[in-house]
Structure formats: C-alpha cells, structure tokens
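Participant: Residues in the sequence shown are numbered consecutively from 1, following the UniProt record's numbering. We put the CB at the ideal spot given by N, CA and C, even for glycine. To start, I am sharing the structure in question, which I have written as structure tokens.
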Amino acid sequence: MWRSLWRSIDRFSLQYFKHVINELQKIKVVDMHNRELVVDLLQSIVEIVTYGDRQDSQIFECFMEHQVLAEFVRVLKISKNSRIEAPLLQYLSIMIQNMDSEYAIYYCLSNDYVNNIITHPYKFDGGDLAQYYISFLRSVSNKINGDTLCLLVKVHGDAVVSFPLYSEALKFAQHGEKMIQTAIRALTLNIYNVSDDMVYQFITTPPVASYFSDLIHNLKEQCTHLDNLVHALEEMGVNQRRKELLLKTDRIVDDLYYLKDILCVGESRLSKVVTQNVLNLLLIPILHPLLHSRQSDGSNLSPITSLYIVSCLIQVIGGKSIVNYVAGVLLYPYMSLSVREAREACLSSAFFSNFNDMEKSSCSTESEGAESVNESPLHRHLPEGRILDFILSDNHSLSLASLFLLLTLAESKDLEDLLASMVSLSAMQHGMVMEESILVKFMPQILNALLNVLASEPPTTVQIKWHTGWFLRKLLVFQGIRLDEHNFHLFNTSYERSCICVEKELDGCWFDHIMDVLRNEWASCKTALEESSQSKDPLFLLEFTICQIADGDATSSHVAWQRMVDVVKLKAFISKGEFLEKSSLDSIVVLPFDSAKNLASGLSSASFGSEVSLGSGIPCRIAFSNAGIRDIYLIPVARGISGKLLLVEKHPFRSQRGVVIAIAPLAGLSPKIDEDQPTWLHLRIREFEPRINGGKNRSYNTKEFIQVADGRWTIGFPNAKACGAARLAILEETSKQRSSVRNTLGPLFQNDYGGGSSDRQDGRALV
Numbered sequence: 001m002w003r004s005l006w007r008s009i010d011r012f013s014l015q016y017f018k019h020v021i022n023e024l025q026k027i028k029v030v031d032m033h034n035r036e037l038v039v040d041l042l043q044s045i046v047e048i049v050t051y052g053d054r055q056d057s058q059i060f061e062c063f064m065e066h067q068v069l070a071e072f073v074r075v076l077k078i079s080k081n082s083r084i085e086a087p088l089l090q091y092l093s094i095m096i097q098n099m100d101s102e103y104a105i106y107y108c109l110s111n112d113y114v115n116n117i118i119t120h121p122y123k124f125d126g127g128d129l130a131q132y133y134i135s136f137l138r139s140v141s142n143k144i145n146g147d148t149l150c151l152l153v154k155v156h157g158d159a160v161v162s163f164p165l166y167s168e169a170l171k172f173a174q175h176g177e178k179m180i181q182t183a184i185r186a187l188t189l190n191i192y193n194v195s196d197d198m199v200y201q202f203i204t205t206p207p208v209a210s211y212f213s214d215l216i217h218n219l220k221e222q223c224t225h226l227d228n229l230v231h232a233l234e235e236m237g238v239n240q241r242r243k244e245l246l247l248k249t250d251r252i253v254d255d256l257y258y259l260k261d262i263l264c265v266g267e268s269r270l271s272k273v274v275t276q277n278v279l280n281l282l283l284i285p286i287l288h289p290l291l292h293s294r295q296s297d298g299s300n301l302s303p304i305t306s307l308y309i310v311s312c313l314i315q316v317i318g319g320k321s322i323v324n325y326v327a328g329v330l331l332y333p334y335m336s337l338s339v340r341e342a343r344e345a346c347l348s349s350a351f352f353s354n355f356n357d358m359e360k361s362s363c364s365t366e367s368e369g370a371e372s373v374n375e376s377p378l379h380r381h382l383p384e385g386r387i388l389d390f391i392l393s394d395n396h397s398l399s400l401a402s403l404f405l406l407l408t409l410a411e412s413k414d415l416e417d418l419l420a421s422m423v424s425l426s427a428m429q430h431g432m433v434m435e436e437s438i439l440v441k442f443m444p445q446i447l448n449a450l451l452n453v454l455a456s457e458p459p460t461t462v463q464i465k466w467h468t469g470w471f472l473r474k475l476l477v478f479q480g481i482r483l484d485e486h487n488f489h490l491f492n493t494s495y496e497r498s499c500i501c502v503e504k505e506l507d508g509c510w511f512d513h514i515m516d517v518l519r520n521e522w523a524s525c526k527t528a529l530e531e532s533s534q535s536k537d538p539l540f541l542l543e544f545t546i547c548q549i550a551d552g553d554a555t556s557s558h559v560a561w562q563r564m565v566d567v568v569k570l571k572a573f574i575s576k577g578e579f580l581e582k583s584s585l586d587s588i589v590v591l592p593f594d595s596a597k598n599l600a601s602g603l604s605s606a607s608f609g610s611e612v613s614l615g616s617g618i619p620c621r622i623a624f625s626n627a628g629i630r631d632i633y634l635i636p637v638a639r640g641i642s643g644k645l646l647l648v649e650k651h652p653f654r655s656q657r658g659v660v661i662a663i664a665p666l667a668g669l670s671p672k673i674d675e676d677q678p679t680w681l682h683l684r685i686r687e688f689e690p691r692i693n694g695g696k697n698r699s700y701n702t703k704e705f706i707q708v709a710d711g712r713w714t715i716g717f718p719n720a721k722a723c724g725a726a727r728l729a730i731l732e733e734t735s736k737q738r739s740s741v742r743n744t745l746g747p748l749f750q751n752d753y754g755g756g757s758s759d760r761q762d763g764r765a766l767v
C-alpha cells in the first residue's frame, strides 16, 4: 500500500535538476552548519550535468540558462571558514574530465568562470586543498585546444597580458609533493603543445620565462646534493647509500626528460629559451671548472659527478646545440690550427658564440695584465688536453667516466661531421680518413690503461673491472685490432686473477650457486657488453665510489652473495681471451654420481616432513623458541653439486627412521665449536634465497635484496668428542660438494695461453 503511494524521484530528470539549482541559489552563506548540504547539492549538480552532457541536451541547456558555474563562483565567495573549496574543486574536476561535447567544454571555459575559480584567494594551509586545486587545473588543461585556449587568456592589443591557468600553476612548480610536481609538468606540456604565437611570446618573455631558469637552478642544486652524497664522509651502508643515490639520480633524470619533452614541442622560441638556460646555467658552470687545470675552491662539482651529469645531458636531452657545444669544448685543445679554422667556418654560429658565453660567465675576475696580446679569449679559457689526461689517469673511476663521455658523444646522431671525425672509432667516416680522431690516435695508450685496470689487484673492485671490460670490448670491436704482446700479457694476467677470484669463491658460502649464476647471468652479461653508450645508464659512474666502501659485515652471506655474482660475471667476460660462449656453458655437465650410494641419494632428495633413515645420523639436542629442547639427529649429506644438512627427529613408532624437521644448505654453515662449551656446535644459516629477474634474459637481482642477518643454530652434543665428530662430518660432506662443483667448472680453468707463442707474436683479439 505504502509503495503505491510513494513516488520515486528521478535524480537525473530536468525537473529535479531545476530543484537542486533552486536550492543552491537559496544559500546566502556557507559555514560549518550547512556545509554538508552544499556539498550534496554540488555533487548532485555535477552528476546530473555529466549525465546530461551525454544523454539529455535539455539538462545542459538548463545548466547554461541558470549560469550554474556562476553559482560555483558565488559559493566560493560566500564561504566562511567552511572548507567548501576542496569538495567544490573536486566535483568541478570530475565534471570537466567527463565532458565529451566540444560545445559544453567551450561554454565552461568561456565567460571567465574558470579564470575566476583559478584566481580565487585560496588558503593553502598544508592540507589536501592544494592537491584538489592542482587536479582541477590539470583537468582544465586536458580540455584546451587551439580554439579554446583563447578563452583562458587576457589580451591587450597584440600581446597576452594574463594567463591565470599557467601563472597560478607555476606557483606550485617546486612543490614538495612529487604528485603535484608531476601534475604541473603535465599541465605545462599540455599548454605548450596547443599554444599560439601570442601565448608563446608570453611564456618565453620575462618575468614568466623565469620558470625555465628556476628549473635549471633547481636542477643544479640537485646536482650539488648528489655530489655531496657521492662523497659523503659520514658512515652510511652501501645499500642505504645506493638507495639514496637512486632516488637523487632518478629526480635529476626526470627533470632532464621534462626538459626534453619541452624541446620536443618543436617551437623555436621555446626551444631557444630552454637550450640557452641549460647551456648558461648548467652546462657551462659544470664544464669549465671540470676542464680547467686550476684548483677548485670547493664550490664546484667533483669531476665524477660533473662527467655523470654531462653524460646524462647528452643521452637524455641531446640536440645539436648541446651535443656540439660539449664536443667542441672537450675536443678544441686537440684540434690543429687548420682544423680549428675549418671548424670555425663550418660549425653553426651558435656553437662558437657559446664559447663567448663561457668566457663571460667564468672568467670575469681574471686579470687582463697576465694575458698575451696574441692570445684569443677562446684560447685563453680552454684547457690543454684535460679530457685525455682524465682518461689516462690512475684514478680508474675518473678514467672510465671520461672515456664514457667521449664514447657517448661518438655515438650521438646530433654530432656534426667535423667533430664526429675527432671521436670516431671507425677507420673511415664521413668520407674522411681518421687521422684526426683522438681515440684512434691514442688508442694504444687507452687500451693499455683499460687493461691495467682489468689486471689490477684490490682495492680495484669487480664492478670497475666489469665495466672496464665493456669499454675494452667496444673499442676493440670498432677498431678490429689485436692486442700487442704487452697488452695481451696484461689480459692474461686479468684472466689468471679472475680464475683466482672464482677459486676463492669456491671456498665461500655460495659456492653451490656458482654454476646457476654462470648459466643464468650469461645472456644478461652478453647483452650488457653489447649495449651502446647511448642506452647504457651512466649511473655506474657514481656507483664506482660507493662499491669501494666497506659495507658493515663483509662476512655476511648477503654481502658474500653480491661479491660472488660480480666475480662470476667478470669470469664470464674474461675467459680464454674472449667472451664466454653459451656453447661452452652447455658443454659443462654435472658429473654422474655413484649410483651405489643409495642412502645418500635418498637423503639428498629429502624435504621438510620426509621420512628418512637414521643410520648415519649423529644424536644431538637443539632448543627451538616455541618447542623447547628436542632430541634430534644431525645428518650432513652431499650428492654431486648439491648438499644439505638435515635435522631429523626420531619416528615415534619406527626406531630406525626419522622425520625431517629442518633443512639448511651445507654451503656457508661454517661449523665452529664454542670456546667455553666444547659440546656446543655453532652453525651459520643463510636466511635468504636469490631471486631471478623475469624476462627473456634470466639474471639475478643483486640490488633489490632486503639485507637480512644470517641465522644461527647452536646444537648440543653428549660430549666434546661427539661435537668434534659432527663438525668433521659436516666439513667432509661440504668438501665433497665443493670438489664436485670444482670438477664441474674445470673447463673454465683450462688456460690455453701457454701454448701458442705465435699467437703472442701476432697479438690476440678479444672479440
């Protein structure tokens, strides 16, 4: 009966929409007492308008007729500490985002309604209002195009004098929240991609154009913070420092990609102002101190950080102006007089004008009395052979960073032909014989420097040697040359030391994983060695400084694992004078086991809860935190390259059988008898298992491990003799397992250099 009397209200009807509008118009002031009512009214309006835009044109006509957007503006003005701004902006954003009709979008952006909402004096007091405000601005920017942009700007004569959407958004450009920064950058790119001549003129003219210089100043400040982290003296673990390094470098690279996106808009005035700011405020202040021989006053970036930043600039932003400027500064000291004249005649005028900018920005304090009357300003402020000095220096990190920058320039498509000829690795390029290439000219010294790094002893880290191998392979592939006798001897030395390093890992706590690492890392190592300079992440340049820092407990299994993986990867490169081929890995098979050892076979396949024989078990006791002291049997067993330590509890009904209650790998146990209690045996247990990266190339992820402390087992025995016997049994089985691994890896240690004297006379290629 009551249902028949009740008439449901159609919330999306034109009649109900008019009712909601009428209720909103009755509101004279918004305070905390009626805030919820106003929020409900705003929500209903947005829902109905969104529905009407797609389903009922009369609803939107009513929306325009009653000037509902003007009501939104009025609600903002009559609000008295009601905090109505956040929900109002949220609902407006939803409405604009969901509008499909060009007619509806055009109306909403007209009549200055949106501009009035944008310029309303909001109180951003640290709450979430800023997020809603920026979301609203971004929603508006997503809907603008060449036809609607003019509705949001104010023009006087032929010039734009006000653009609230852009100007108000820039106030949040350096906001602390990453999400807001990202939204602002998306908004600006939306504007740049649809702007017309007048808007571009407004954007690239001071004071609005200061946004671009502020971007570069902020980027330079981040570079300074990065440099401080790289050379921080306070104690910080390797993992923690690497995390901080990744965060800071990611922010810098994100900023560079944003600048790249601006340049990709393709508007000449926009590109010019961005490029000039990058050159004058970032590149010149970095390059000039880097390449000048006088001592730094401490305010400049270190050479390693400077080379990293310049390499990132070349890789990410690139462009003819920046690439050729960097190449010109680096290579000018190596140009002959005739070549310099040719370059001054052929290169773009902007190229040499940038040298004058560098002179003005960095040398205003120098006395003119010390200058030669015949010395040009350009000659006066360029160093003599600084980049080559870096490459041939004893500082391995600096050497590789400098060489990486040159190789990155050599592979850049933006490098002009005359400069490209000076860093080309090919015998012939651009129709010119490569007599001017400094890489070709100094190749013997460069190869010798790289091989000295490869053949060096600690403290040179495995990471540095691995990346040195990348450089070495790249140079030799391009040159197609063979190593002379001296350099080949250095490579032999590096081979022998790589064998020694792997031998040491056979005595480590991860020797049971060496074969798996070698197989799984092969494809990723080969891919990494063939990687181009343009695609290789220059972050490794900064990691050189980190990997030389001792990280806490160097004996922990976590640190040992990372060291073992690095050693095996290096071995994959330094193998018999060439990169280890997959066919060589496939030929390495696990040696057959003695089929007579049925007992060992059964034990080696045991898992948690399995029932096994107690025949070889050693009686002992162990205390578990939740189960108290338990009488168990300790059974170490090795079968081929695998080995386990089983803790077995006696079966309640079968006297000669037991149930496995715990398993640990033999490798890394390091059994040690307690000095004060000779009946106690201490064992170290690896607490984490390596994870393999997914994808086509299977490799171990060594950088994202959560470092955990090794586990410890303390096992008690009836007497000291039994404790010693248990220790010897564990060591014996571990030795068997280690011998099997060593025999399996035997082909990798067959040094074939001793026999071919003719090879040494002719030289040997690494490729």
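Taking residue 328 as part of the alpha helix (DSSP H), name the residues at either end of that continuous run.
Facilitator: 320 to 331 is the extent of the alpha helix (DSSP H) around residue 328.
Participant: Which stretch, first to last residue, makes up the beta strand (DSSP E) that contains residue 633?
Facilitator: 628 to 639
Participant: Can you give the Cα-Cα distance for residue 605 and residue 614, rounded to whole angstroms?
Facilitator: 15 Å
Participant: So who's on the other strand from residue 727, going by DSSP bridges?
Facilitator: Answer is none; residue 727 lacks a bridge partner.
Participant: So the candidates are 223, 275, 483; which of them puts its Cα closest to the Cα of residue 253?
Facilitator: 223
Participant: I want to know whether the region 46 to 53 touches the region 87 to 97 - three or more CB-CB distances under 8 Å.
Facilitator: yes
Participant: Regarding residue 411 and the ligand ATP, is the C-beta to nearest heavy atom distance less than 7 Å?
Facilitator: Judged by which ligands are present, the structure shown has none, so any question about the ligand ATP falls away.
Participant: Taking only beta-carbon atoms, is residue 133 less than 8 Å away from chain B?
Facilitator: No chain B is part of this structure, which consists of one protein chain only.
Participant: How long is the line joining the alpha carbons of residue 560 and residue 668, rounded to whole angstroms?
Facilitator: One C-alpha to the other measures close to 10 Å.
Participant: Could you spell out the range, first to last residue, of the beta strand (DSSP E) harbouring residue 711?
Facilitator: 711 to 716
Participant: Please give me, in chain order, every unbroken run of the alpha helix (DSSP H) with length at least 4 that falls completely inside the region 48 to 134.
Facilitator: 57 to 65, 68 to 77, 85 to 97, 102 to 109, 113 to 118
Participant: Using CA atoms only, rank isn't needed, just tell me which of 122, 83, 24, 195 is closest to residue 66.
Facilitator: 24
Participant: If distances are taken between C-alpha atoms only, which option among 713, 101, 544 comes closest to residue 666?
Facilitator: In terms of Cα proximity to residue 666, the closest of 713, 101, 544 is 713.
Participant: Pull up the CB-CB distance for residue 638 and residue 503, whole angstroms please, since I reckon it's below 8 Å.
Facilitator: Cβ-Cβ separation between residue 638 and residue 503: approximately 19 Å, too far for a contact (criterion under 8 Å).
Participant: From residue 681 to residue 672, what does the alpha carbon distance come to, in whole angstroms?
Facilitator: 6 Å
Participant: Assuming residue 314 contacts residue 182 (C-beta within less than 8 Å), just tell me the rounded distance between them.
Facilitator: The pair is not a contact, with the Cβ atoms about 25 Å apart (cut-off 8 Å).
Participant: Should residue 264 go down as buried or exposed, given a rule of 16 or more other Cβ atoms within 10 Å for buried?
Facilitator: exposed
Participant: Going by DSSP, what residue range makes up the beta strand (DSSP E) through residue 682?
Facilitator: 680 to 685
Participant: Under three-state DSSP, which class holds residue 645?
Facilitator: Here DSSP, grouped into helix, strand and coil, assigns residue 645 to strand.
Participant: Compare the beta carbon distance of residue 245 and residue 542 with 8 Å and say whether it is the shorter of the two.
Facilitator: yes
Participant: Rounding to the nearest angstrom, what Cα-Cα distance links residue 488 and residue 497 in this structure?
Facilitator: 14 Å
Participant: Count the other CB atoms, across all protein chains shown, that sit within 10 Å of the CB of residue 786; report buried if there are 16 or more and exposed otherwise.
Facilitator: There is no way to answer for residue 786, as the model of the chain reaches only from 1 to 767.
Participant: Would DSSP call residue 553 helix, strand or coil?
Facilitator: Residue placement at residue 553 is flagged as unreliable, the pLDDT there being 49, under the threshold of 50; the coordinate-derived value follows with that caveat. Of the three classes helix, strand and coil, the one that applies to residue 553 here is coil, per DSSP.
Participant: For residue 453 and residue 460, which I take to be in contact (beta-carbon distance under 8 Å), what is that distance rounded to the nearest angstrom?
Facilitator: Rounded to the nearest angstrom, the Cβ distance from residue 453 to residue 460 is 6 Å, consistent with a contact under 8 Å.
Participant: Apply the 10 Å Cβ neighbour rule to residue 190 and answer buried if 16 or more other Cβ atoms are within range, or exposed otherwise.
Facilitator: buried
Participant: With a cut-off of 8 Å on the beta carbons, I'd call residue 186 and residue 251 a contact; round off their distance for me.
Facilitator: Residue 186 to residue 251, Cβ: 17 Å. No contact.
Participant: Could you say which of 334, 114, 54 lies nearest to residue 163 if we only look at CA atoms?
Facilitator: In terms of Cα proximity to residue 163, the closest of 334, 114, 54 is 114.
Participant: Can you give me the C-alpha to C-alpha distance between residue 206 and residue 307, rounded to a whole angstrom?
Facilitator: The straight-line gap separating the alpha-carbon atoms of residue 206 and residue 307 is approximately 32 Å.
Participant: Note the first and the last residue of the continuous beta strand (DSSP E) segment covering residue 413.
Facilitator: First-last for residue 413: undefined, no H or E at that position.
Participant: Go through its chain and collect everything with a Cβ distance to residue 466's Cβ below 8 Å, but skip five positions before and after it.
Facilitator: Excluding five sequence positions before and after residue 466, the CB atoms of its chain that fall closer than 8 Å to its own CB belong to 566, 569, 570, 573, given in chain order.
Participant: Could you please give the first and the last residue of the uninterrupted beta strand (DSSP E) stretch that includes residue 611?
Facilitator: 611 to 613
Participant: Of the choices 85, 11, 149, whose alpha-carbon is the least far from that of residue 35?
Facilitator: 85
Participant: Quick check: the Cα distance between residue 208 and residue 134, rounded to an integer number of angstroms?
Facilitator: Distance between the alpha carbons of residue 208 and residue 134 is about 19 Å.
Participant: Is the distance from the Cβ of residue 686 to the Cβ of residue 557 below 8 Å?
Facilitator: yes
Participant: Roughly how many angstroms lie between the CA atoms of residue 490 and residue 451, to the nearest whole one?
Facilitator: 6 Å
Participant: For residue 493, which residues from the same chain have a beta carbon less than 6 Å from its beta carbon, with the 5 sequence-adjacent residues on both sides left out?
Facilitator: 455
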